[in-house]
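Working notes, beginning with the structure itself.
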């Protein structure tokens, strides 16, 4: 953007110690939109004040956030909330210039490798074994407990780059591939867990059900791809002293999954210096509008046990 007198004057006021003046200046700069980012980057490179540099970084972040917020709202309004698109939106909060083509290429390679091993004669367990084998053995994806000291483990671009993600990120990747391959796997709302379930082929995901527990063939831990039985899960509920009510086994919508990702990711920013990011991520989560009956509370803390037995 060509720098005019007003932009030059605003830039000169970025070091003003008066908070009210800075708020007015920053709001006016944000009003210019993303086109002013190159000017801000040039100013950052030619400034020696660390305080001004930090203010510039925050302004650039806010400019990216404004665009991202609009895209989240649009994703929410779509007829179908694509899970991969939602995961990429979350990743772009931290990496606004993310080249999404690389992610799509990696996903397609994984999809094709799994598809080559699938056929119509496989049992549900055999289908899942193919998915798990490609993802965790051939591709060498590793699982990590949900830890808020490692924000990159929530983000699909870093997950594919490092082949390491936490239970939520790995679960989302598993769900993305399952949807692309028409394998009926969905996330469910077991307390303190992010767990996947393989549903029977005649399950109608559009209908409310009071006996969802008995519709799932088995359950999958996205940390490792390990399969759990109904008995394993019943034992887990006994261990945590929580009754296994039907709502815990109801498939979660893609909206709710991305809300969960945003909410959990926000917990990585819990210092005085970064808490503004936590608030922004929670704000993005609130832009996703769920129907009350489809909005169960997901609790993935503390980390899931490795063996429900």
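Residue numbers (UniProt numbering): 1 to 309. For each residue, glycine too, the CB sits at the ideal point set by N, CA and C. The model shown is predicted, which means the values in this text are computed figures rather than measured ones.
Query, Result
"What number of angstroms, rounded off, separates the C-alpha of residue 80 from the C-alpha of residue 50?", "44 Å"
"May I ask you to report which of helix, strand or coil DSSP gives residue 31?", "helix"
"Could you tell me which of 264, 46, 114 sits nearest to residue 192, measuring between CA atoms?", "264"
"By Cβ distance below 6 Å, which residues in the same chain neighbour residue 14 in space, the five residues on each side in sequence not counted?", "52, 55"
"What are the uninterrupted segments assigned as alpha helix (DSSP H) that are 4 or more residues long and contained completely in the segment 158-232, given in chain order?", "167-180"
"For a test of the three-state rule: what should DSSP assign to residue 144, helix, strand or coil?", "strand"
"Around the C-beta of residue 16, are 16 or more other C-beta atoms found within 10 angstroms, so that it is buried, or is it exposed?", "exposed"
"In the DSSP assignment, find the unbroken alpha helix (DSSP H) run with residue 16 in it and report its ends.", "First-last for residue 16: undefined, no H or E at that position."
"What distance in whole Å lies between the Cβ atoms of residue 259 and residue 269, which are believed to be in contact at a cut-off of 8 Å?", "That pair is no contact at about 17 Å."
"Could you compute how far the alpha carbon of residue 239 sits from the alpha carbon of residue 225?", "22 Å"
"How about the segment 163-175 and the segment 130-150: do they share at least three Cβ pairs that are nearer than 8 Å?", "yes"
"Hey, does residue 249 have any beta-carbon neighbour from chain B nearer than 9 Å?", "Of the protein chains in this structure there is only one, and it is not chain B."
"In its own chain, which residues sit with a C-beta less than 6 Å from the C-beta of residue 190, not counting the 5 before and 5 after it?", "248"
"So, residue 186 versus residue 197, is the Cβ gap smaller than 9 Å?", "yes"
"If you measure between the beta carbons of residue 48 and residue 40, is that distance less than 9 Å?", "no"
"Which residue spans inside the segment 94-155 form an unbroken alpha helix (DSSP H) run of at least 4?", "100-115, 124-132"
"Do you know whose CA, among 58, 20, 38, lies nearest residue 273's CA?", "58"
"When burial is assigned at 16 or more other CB atoms within 10 Å of the CB, is residue 221 buried or exposed?", "buried"
"On the three-state DSSP scale, how would you describe residue 269?", "coil"
"Just to confirm the assignment, what range does the alpha helix (DSSP H) spanning residue 72 have?", "50-77"
"With a threshold of 7 Å on Cβ separation, who are the neighbours of residue 242 within its own chain once the five nearest residues in sequence on each side are excluded?", "191"
"Assign residue 105 to one of two classes, buried (16 or more other C-beta atoms within 10 Å of its C-beta) or exposed (fewer than that).", "exposed"
"Candidates 130, 69, 70, 101: which alpha carbon is nearest residue 84's?", "101"
"Count the other C-beta atoms from every protein chain shown that fall within 10 angstroms of the C-beta of residue 266, then say buried if there are 16 or more, exposed otherwise.", "buried"
"How is the alpha helix (DSSP H) around residue 45 delimited, first residue to last?", "37-45"
"Could you round the C-beta distance between residue 124 and residue 217 to whole angstroms and report it? I think they count as a contact, below 8 Å.", "5 Å"
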